[in-house]
Structures are given as C-alpha cells and as structure tokens.
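*Asks:*
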C-alpha cells in the first residue's frame, strides 16, 4: 500500500475558507431546564445574568450566564450552581470563532439572538463539524472560576 | 438545516477542550438524558487520567508506581494495555513517558518530587502490567501523560453511553477527535494544519472514528499556529516531520494514538495503519496532501 499524493491548489483552499464558524447549542431557557430539570420557576436575580431555580418552594440552585471574550471570539456559557454555591455543571450555549473584524459588530452578534438548539449556523458555506487543531477551553475554565469567586458565596 | 425537534447538540468544557455531543432520532428528553450520560463518561475519564489532578490514576502512578505496585481503574488499565501494545508495535515511537518533555515546554506542571529534566534518559518499555489491574514502573524517573490517547478513549466511552439509549444516531466530537454511529453519515470538515481559517476538504464519517493532530492554535489569541505538542521520543522535542494528520479507525482511542505515530513517523507507518484497520491523511510541510489508497475515495479535497 502506498500513499496517494495530491497538491492542493491554493486558490481552491482559499475559495472555501471559513472566516467565521459558530454553533448555537442551547438557548438560556433550554440550558436552565437542562441544568435544573425539576425546577418549576426561574427568578431573575441579576438582569440577564443570574437566575434562581426553584422547585416546589425550595431553592434548587442558581444559573449564571457568562461570556468569555477573546481577541476574535465570544463563547457564551452557563454555570449551574448548587444551593450551597458549588459548581453543578458547565454548559456551552454558543460557540463562535472568527478571525475577521465582523465579530465585534453588534449586527454580527445579533444574528445569533433567538436561535434554538441544534442549529449549527452556516455562516460561510456548509460547515457543521470541523476537525483539525485542538481548541483550548482554558478561557472558559478561568471564566467559571471568576463566576464562582463572584457568586459562589453570595447566592444563598 | 435540522430543526430543534429532531436534533440535539450540546457542548461542555472537558478534557481541556470543548466536547460536543450530537444526537438525533429520539424524543428530546431521551436525547438530553443520553447526552448527560455521554458527558458523565467523559468526565470519568478526565478524573481518572488527568495529569493535573492529584487524585487521578495517572498522578498516583507517577508518584507511586516505581515504589510499589499500584492498582488502577479498569478503564485506566485498558488504556495502558493499548499504550504498551502500541509502544511495542511502533518500536517506541508511541510513548506516553514523554511527560518530562512536555513539562520542560511548560505544557504540563512540574511537581517537587519530579526528577530534574536534564537527567531524563530515553526509557523503552517502562511500564509493566500485571494481573488484577496492577501497574508498576520499571524506572524511578518514569512520568506518564496519557494526553495522546485518553481523549480518544473518552470519546469511545461517551459514544458507548449514547448507544445504550434508544436514539437513532449520535456523534461525540472532542475538538477533532470524534466518533459517530447511526445511519446518517456525519460530514466533517478538515482544517488546514497551518491556518485554521482554511478548510482542506471534508470526509463523511459513519460508524467509525476520526482523530486529527496538528499544530496548536488558540483562537482567543490569534489564528497563528505554534509547534505541535507531540514529542518525538527519539529526540525529546516536538515533532516537525509533517504539519498535520487525520486518521480514521474503528475506535477513537486507536485513531487518536495513531495520529501521534503518523505525526512523528510521516509516511513510514503504512503497516501499522493496516494492522489497526486504519486509514490516514497527512499534510506535509510542503503543503501536499497524502492519503492512504483505501481512503482516498472517501475524502473530498478542495479542488
């Protein structure tokens, strides 16, 4: 068995280049239900950021929405906290990756609003799954630590 | 585009990367439960095989397996059996005792009882496996890192968890190490190893696994890639034989480990690929793409 060799035309690679890639996983409401399936009520504690989950009159936990902002990238994620302020789960809500300037603009971000789960956004072409270089989740991990530091002891 | 009712996709930060689970063909509550189980399996592998976690099997082995026999979890033992087998078959090219080289690069933390990096000598066949999930190291300086194989094993365990639920199809993708089952093939686009903005083509995956290795890049910093984190045990430094490799195999653990062998040995790996019923695509440093003949019809390159 020997290898079959191809030379990729540079122009062809460029023509299917994907300057932006994004996946919408869960809306905030879907993620709340997923994190606290028994909860009957979510009360907004801090607008657009922190919710208290209640089930049958007792506190089931807290749901914190956060966003990691990098140079060209926004990742929306949610941390579900137990009533005692420990991390119950961390879920990615929306993953975005871009190397162009468009991600900074409000209109570029607005196209994601209101999307429901399962919709892999086909921003450029038809890319649903992508493999290659390994992505580091370090920034999300650091974000979770900040969420814990900010809310872990305060929300009771 | 699939609608929310017949497809559910979720992602969590695990194994130092993003692990994505996609399901289709079942009620939403069933798919949610299946995805929860899949993430739980990945988290279990993370707890057992993390180099960073003091309580993991890997950390216990690195502290104690030279001093005394150490019993490990059945999953850790399965991975180590594959590690030892591939180490022998690849004549030492696949080697998990390269942790000190990754420590020297600042990619893994050092502990106070770790030997000085300069003292590291090449150790062949350093891991001894015994009956009863017992592990022993043959040299005091052995420090293992399962980063080159545990991610693939985690994907296999997650897919196994998904299969236990009555769902039509599923896929687990840990940042490029992925496996799928079900009737609908999943289309996977392959990034160019030198520039993650570019796609070199795509491949359809059905009831099989795919793993890729390439230069590292951090999209939060820039699109520039850096050297690979794959250590050539012959030199103790990052390999630069080729730019990137993608391997298709029946299991993701095997595919993951084989990408390391391909990254180090380049095109000289055909007999090992055949042994594991695997196929490969590699991107040379000159940008040319090479594909094994059993696979070239399935890979759709940019043309």
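Chains as they are written, first to last, in our numbering: chain A, 18 to 173; chain B, 523 to 825. The beta carbon of each residue, even a glycine, is placed where N, CA and C say it ideally should be.
(1) May I ask you to list the residues that DSSP assigns as paired with residue 69 of chain A?
(2) Measuring only between beta-carbons, confirm whether residue 24 of chain A sits less than 7 Å from chain B.
(3) Using alpha carbons as the reference points, say which of B:787, B:532, B:537 and B:553 lies closest to residue 40 of chain A.
(4) Which residue comes first and which comes last in the alpha helix (DSSP H) that contains residue 584 of chain B?
(5) What are the start and end residues of each continuous beta strand (DSSP E) run of 3 or more residues lying completely inside the segment 674-715 of chain B, in chain order?
(6) How many angstroms separate the CA atom of residue 163 of chain A from the CA atom of residue 756 of chain B?
(7) Cβ closer than 9 Å: which chain B residues qualify as neighbours of residue 40 of chain A?
(8) Once you ignore the five residues that flank residue 816 of chain B on each side, which residues in its own chain have a CB closer than 6 Å to its CB?
(9) Roughly how many whole angstroms lie between the Cα atoms of residue 551 of chain B and residue 106 of chain A?
(10) Any beta carbon from chain A within less than 7 Å of residue 828 of chain B's own beta carbon?
(11) Pull the bridge partners of residue 531 of chain B from the DSSP assignment, please.
(12) Sort B:789, B:777 and B:822 by Cα distance to residue 605 of chain B and report the nearest one.
(13) Whose C-beta lies closer than 7 Å to the C-beta of residue 709 of chain B among residues of the same chain, with five residues either side of it excluded?
(14) Specify, as a first and last residue, the run of the beta strand (DSSP E) that residue 93 of chain A falls within.
(15) For the alpha helix (DSSP H) containing residue 561 of chain B, name the first residue and the last one.
(16) If you draw a straight line from the alpha carbon of residue 118 of chain A to that of residue 85 of chain A, how long is it in whole angstroms?
(17) Cβ of residue 681 of chain B less than 7 Å from any chain A Cβ?
(18) According to the Cβ coordinates, are residue 703 of chain B and residue 775 of chain B closer than 7 Å?
(19) Indicate whether the contact test is met: 3 or more Cβ pairs, each with one atom in the segment 763-770 of chain B and one in the segment 573-588 of chain B, closer than 8 Å.
(20) What residue from B:795, B:781 and B:798 has the CA that sits closest to residue 805 of chain B's CA?
(21) Applying the 10 Å Cβ sphere with the 16-neighbour rule, what's the burial state of residue 160 of chain A?
(22) Any contact of the segment 676-692 of chain B with the segment 550-564 of chain B, i.e. 3+ C-beta pairs under 8 Å?
(23) Check whether the segment 655-666 of chain B touches the segment 613-623 of chain B, taking contact to mean three or more Cβ pairs, one atom from each stretch, closer than 8 Å.
(24) Is residue 22 of chain A helix, strand or coil by DSSP?
(25) Counting C-beta neighbours from all protein chains within 10 Å, is the total for residue 761 of chain B 16 or more, i.e. buried, or is it exposed?
(26) Where does residue 730 of chain B sit, in a helix, a strand or coil, going by DSSP?
(27) For residue 659 of chain B, list the residues DSSP reports as bridge partners.
(28) Would you decide whether residue 53 of chain A is buried or exposed? Buried here means 16 or more other CB atoms lie within 10 Å of its CB.
(29) Taking the alpha-carbon of residue 873 of chain B as reference, which of B:671, B:705 and B:602 has the nearest alpha-carbon?
(30) Sorted by chain position, which residues of the same chain lie with C-beta nearer than 6 Å to residue 736 of chain B's C-beta, five sequence neighbours on each side aside?
(31) Tell me the residue span of the beta strand (DSSP E) that contains residue 766 of chain B.
(32) Taking 7 Å as the CB-CB cut-off, is residue 763 of chain B touching chain A?
(33) By alpha-carbon positions, which one of B:624, B:790 and B:583 ends up nearest to residue 613 of chain B?
(34) Tell me which residues of the segment 546-573 of chain B have at least one Cβ-Cβ distance to chain A shorter than 7 Å, keeping chain order.
(35) Out of B:576, B:809, B:538 and B:595, point me to the one whose CA is closest to residue 763 of chain B's CA.
(36) Under 7 Å, Cβ to Cβ, is there at least one residue of chain B near residue 108 of chain A?
*Replies:* By the coordinates alone:
(1) A:60 and A:79
(2) yes
(3) B:532
(4) 579-586
(5) 691-696, 699-703 and 708-714
(6) 41 Å
(7) 531, 533 and 542
(8) 801
(9) 18 Å
(10) A question about residue 828 of chain B goes unanswered here, because the residues of chain B that appear run from 523 up to 825.
(11) B:544
(12) B:777
(13) 724 and 726
(14) 91-98
(15) 550-571
(16) At residue 118 of chain A the pLDDT is 46, less than 50, meaning the model places this residue with poor confidence and gives no usable figure here.
(17) no
(18) no
(19) no
(20) B:781
(21) buried
(22) yes
(23) yes
(24) strand
(25) buried
(26) strand
(27) B:649
(28) buried
(29) This structure leaves residue 873 of chain B out entirely; chain B is present only between 523 and 825.
(30) 715 and 766
(31) 766-771
(32) no
(33) B:790
(34) 554
(35) B:809
(36) yes
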